[in-house]
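Heads up: the sequence lines are chains A and B, in that order.
Under the numbering used here, think of the first position of the first sequence as 1, with each following residue one higher.
Under the numbering used here, think of the first position of the second sequence as 1001, with each following residue one higher.
Yeah, the Cβ is synthetic: ideal placement off N, Cα and C, and Gly gets one too.
Below is one structure, written out as structure tokens; comments come after it.
There are 2 protein chains.
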Amino acid sequence: MSTLRITGLEALDIRFPTSDHSDGSDAMHPDPDYSAAYVILRTNVDGLEGHGLTFTIGRGNELCVAAAKALAPLVVGRTLESIVRDFAGFWRSLASESQMRWLGPEKGVIHLTTAAIVNATWDLYAKSKHKPLWKLLVDMSPEELLATIDFRYLTDALTKDQALEILRANVPFKAAREREMLDRGYPAYTTSAGWLGYSDEKIRRLCREGIAEGWTHFKIKVGADLQDDLRRAAIVRQEIGPQRRMMFDANQRWDVGEAIANMRELARFDPWWIEEPTSPDDVLGHAAIARAIEPIGVATGEQCQNRVVFKQLLQADAIRFCQIDSCRLGGVNEVLAVMLLAKRFGVPVCPHAGGVGLCEYVNHLILVDYICISGSLDDRVAEYVSHLHEHFENPSVVRGGRYTAPLAPGYGITMKRASLETFAFPNGPVWSARRAAPLVRR
Amino acid sequence: MSTLRITGLEALDIRFPTSDHSDGSDAMHPDPDYSAAYVILRTNVDGLEGHGLTFTIGRGNELCVAAAKALAPLVVGRTLESIVRDFAGFWRSLASESQMRWLGPEKGVIHLTTAAIVNATWDLYAKSKHKPLWKLLVDMSPEELLATIDFRYLTDALTKDQALEILRANVPFKAAREREMLDRGYPAYTTSAGWLGYSDEKIRRLCREGIAEGWTHFKIKVGADLQDDLRRAAIVRQEIGPQRRMMFDANQRWDVGEAIANMRELARFDPWWIEEPTSPDDVLGHAAIARAIEPIGVATGEQCQNRVVFKQLLQADAIRFCQIDSCRLGGVNEVLAVMLLAKRFGVPVCPHAGGVGLCEYVNHLILVDYICISGSLDDRVAEYVSHLHEHFENPSVVRGGRYTAPLAPGYGITMKRASLETFAFPNGPVWSARRAAPLVRR
């Protein structure tokens, strides 16, 4: 590894025309074209590359591609050893570059792209060790794991010593939990049945199919129209029965007062959580909603920009479920920080997934959380959506409503060469055959 | 105006090599090259254009230029009348475009760029009415002003009715305040003396010059090293005497506990405020610091990403000074929302300025705040920095420590053609003559 050097960074604009069938549609994003700013780190070793992506929903994906090129000089030319020797320092060099940090800091385009590069670096690291990412992390000592995390802005809620204590307390149980995960996998839930653009008949059919596949938790989109939401919730509750769990996702559509009023109506269908009831930036708003709608839990995180906002959501007792996002946070290092924060506050991590590649990422993160940090499966389910897995060399596999442990080396995000070519924007065959989805003026 | 149509959007990458002399240097940004993603809206009327910019500090400015091109289809082709008829709706069409909002939402590159476009639209509107922007706004009725604001996510802290009440209560005083502003101008403070990269001798000299020019409030940068901060604070306090006010700016360098500990040391120099003591995202952290260091006030806002975070800073009693930024917020419409919020919570607005063009923008906003919203000059000072004004056709003018009211039509941001050409990146003469500042790996 001492001679393994990153020699180049390639950034690709990959888009899938998912809006054709309302896949992924919700109250704020009626027409997503699931997309990836896809990063390949080339090295001086034949056949060894690091792959990473950040997820977007179409227009503007080119901005993340451009940001990857802007950040490339911080990575290209470095040896992998120099990076992993001070992984927290490497992370900060990207997240807080002295001029580019103005564009965030640690949020938006620049931070989404930091995730793609950081995750590609971890993929390269894991591949160089011939291990799946989760196993690379699980095999690290508590001290090694800790050294990957930048604790800036966290110490009023979680010190290094407290984090180390959490990691050390889990060491005696790691081997048994690893076997358990390899045998049984990690619990998941499905969102595939509940996209906002789907007809009632399609929802009903997908619920039945989901039950047959072994799913026990079903999430549906709400927020555009209360009467529609009530009708759709009734259908799902009727189909899944009283024992299985139903979750709602409003995708930020409501103001605080609206969220409380609407959830009082929707409460009759016994939801387990309401996800993104309002602005992802509104810590105090989530806290007010959480207090008002107990015992329904508040969940958020897919657009929670960084560890500082997660810290506050936990400090304010604003969330009962912590939905880390593998690309919204600045890659593995920051995800570890948030999983440790959640453990300290006793809040379960239930990762956001779906999109393109998020399930592949999350598949690794949940194992690390269980084996090294949380040590519990209570009230923990990771999102699963059945789209676009066919484009990955080693797609995540779900059986009987549980993610199975991935075994291939790396972080699981390497896309098939044919997919990278077919869905390249704007000149791949899928896009050159059509005009880009016109920008909707509303 | 009914036939005035936006026919094109041009986005320029303009950078000034300010890092050559440490101008603008602080604890997190040691080497800024003050830059602008500069937007020109072309129209079907000869000689009539809307100009706007968003401010960055160098590398990555090209991402905002690219974002302006991505957002252009939302503006180009529209008549000005169709925009101003529903200005809040126009604002939301940019800030919440169904695919691009994923890249924020309402933060980072995409929101900084929204500001440039929105401000260019206001510039065009004001020029079409042959009025300076502040006068255009002051001449609007309360109802007209209100109709420019998107209240999404605000209603738990400020309803439309409450905002209307604030605006109406100020109507009887508008004419007298307008005359007062034209006669006397608006109080300002200077940051020009206190950049972190300046020597002690330079600071001393600049303090003396500042006093001679009539300044009564002086701000210095702190945060990199406590002993340095103590020495520099002593110099400034010695030079300005006990009556003039001194402010500190830590530019996000500290964790919450560090900020409290360091401010307890620095308190001996009687600072009026500490600005950006920690992460700009940390509402609860600012609140904890504010409680701990009373009677010193906490100030923040130049990297406060949007109205939702300002709302919470006010709800949590975390700031004593609200430092709106004319480009960080999504342009005039969102600035108006935050000024109304600040009024409702009784917190003075003390805008961030400096950079390039921010003083020119702020010069208009402070007059609107005083005349239409706050109605008070108590504890209110707008930042002024003496850099780069020479590049504007109608630069802001400060006399005796006060901003004078601008009289030229528009929003004051139109740059001289020669400056746009000379400082174009990377091919203008200033940049082609040197290599771009190398990206620092830290």
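Simplified DSSP state of residue i, which is helix, strand or coil
| i | result |
| --- | --- |
| S432/A | helix |
| G40/A | Before going further, note that residue 40/A is Ile rather than Gly in the sequence given. It is a strand residue. |
| K1131/B | coil |
| G418/A | In the sequence under discussion, the amino acid at residue 418/A is Ala, which differs from the Gly named in the question. Helix at A418/A. |
| R1441/B | With a pLDDT of 45 at R1441/B, under the threshold of 50, the modelled position of this residue cannot be trusted; read the value that follows with caution. In this structure, R1441/B counts as coil in the three-state DSSP scheme. |
| K69/A | helix |
| R1208/B | helix |
| K343/A | helix |
| R1015/B | strand |
| C322/A | strand |
| D1445/B | Residue 1445/B is absent from the structure shown; chain B starts at 1001 and stops at 1442. |
| R1078/B | coil |
| E1383/B | strand |
| S192/A | strand |
| A1316/B | coil |
| V222/A | coil |
| V149/A | According to the sequence shown, residue 149/A is Ile rather than Val. It is coil, neither helix nor strand. |
| W1272/B | coil |
| G50/A | strand |
| V397/A | coil |
| Y1361/B | helix |
Same chain, Cβ closer than 6 Å to residue i, five either side skipped, listed in chain order
| i | result |
| --- | --- |
| R442/A | Caution is warranted here: a pLDDT of 41 is assigned to R442/A, below 50, making its placement in the model unreliable, and no coordinate value can be reported. |
| R1244/B | T1216 |
| L124/A | L41, G50 |
| P1277/B | A1250, W1254, A1259, I1289 |
| H111/A | G104, G330 |
| E1106/B | A1095, N1306 |
| T3/A | none |
| S35/A | R15, T56, G58, N61 |
Buried versus exposed, by CB contacts within 10 Å (16 or more), residue i
| i | result |
| --- | --- |
| G331/A | buried |
| P271/A | buried |
| K219/A | buried |
| H1021/B | exposed |
| K416/A | exposed |
| D229/A | buried |
| Q99/A | buried |
| N61/A | buried |
| W152/A | The sequence shown places Arg at residue 152/A, rather than the Trp named in the question. It counts as buried. |
| E1239/B | buried |
| L1182/B | exposed |
| R1291/B | exposed |
| E1209/B | exposed |
Same chain, Cβ closer than 7 Å to residue i, five either side skipped, listed in chain order
| i | result |
| --- | --- |
| L1196/B | S1025, D1026, A1027, K1221, A1224 |
| G257/A | none |
| A353/A | C359, V362, A382, E383, Y384, V385 |
Same chain, Cβ closer than 8 Å to residue i, five either side skipped, listed in chain order
| i | result |
| --- | --- |
| A1408/B | P1132, E1393, N1394 |
| V347/A | L314, I319, R320, F321, C322 |
Span separating the alpha-carbon of residue i from that of residue j
| i | j | result |
| --- | --- | --- |
| I1203/B | P1142/B | 45 Å |
| L1012/B | L1041/B | 12 Å |
| G401/A | E213/A | 7 Å |
| A147/A | G1357/B | 42 Å |
| E383/A | V338/A | 17 Å |
| I117/A | N333/A | 12 Å |
| D1139/B | T1079/B | 22 Å |
| A173/A | I371/A | It should be pointed out that residue 173/A corresponds to Phe in this sequence rather than to Ala. Their backbone Cα atoms lie some 7 Å apart in a straight line. |
| P1032/B | E178/A | 48 Å |
| I373/A | N170/A | 7 Å |
| E953/B | V430/A | The displayed coordinates of chain B run from 1001 to 1442. Any statement about residue 953/B would go beyond what the structure contains. |
| Q1315/B | K1343/B | 12 Å |
| R15/A | L1340/B | 41 Å |
| R232/A | F269/A | 10 Å |
*Are the region 1169-1187 of chain B and the region 282-289 of chain A in contact at 8 Å, needing three or more beta carbon pairs?*
no
_Would you call the region 1296-1306 of chain B in contact with the region 1319-1333 of chain B, where contact means no fewer than 3 C-beta pairs closer than 8 Å?_
yes
*Kindly confirm or deny that the region 1074-1091 of chain B and the region 1157-1166 of chain B touch, where touching means at least three C-beta pairs closer than 8 Å.*
no
*asked:* Does the region 62-76 of chain A come into contact with the region 122-137 of chain A, if we say contact requires no fewer than three beta-carbon pairs (one atom in each stretch) closer than 8 Å?
replied: no
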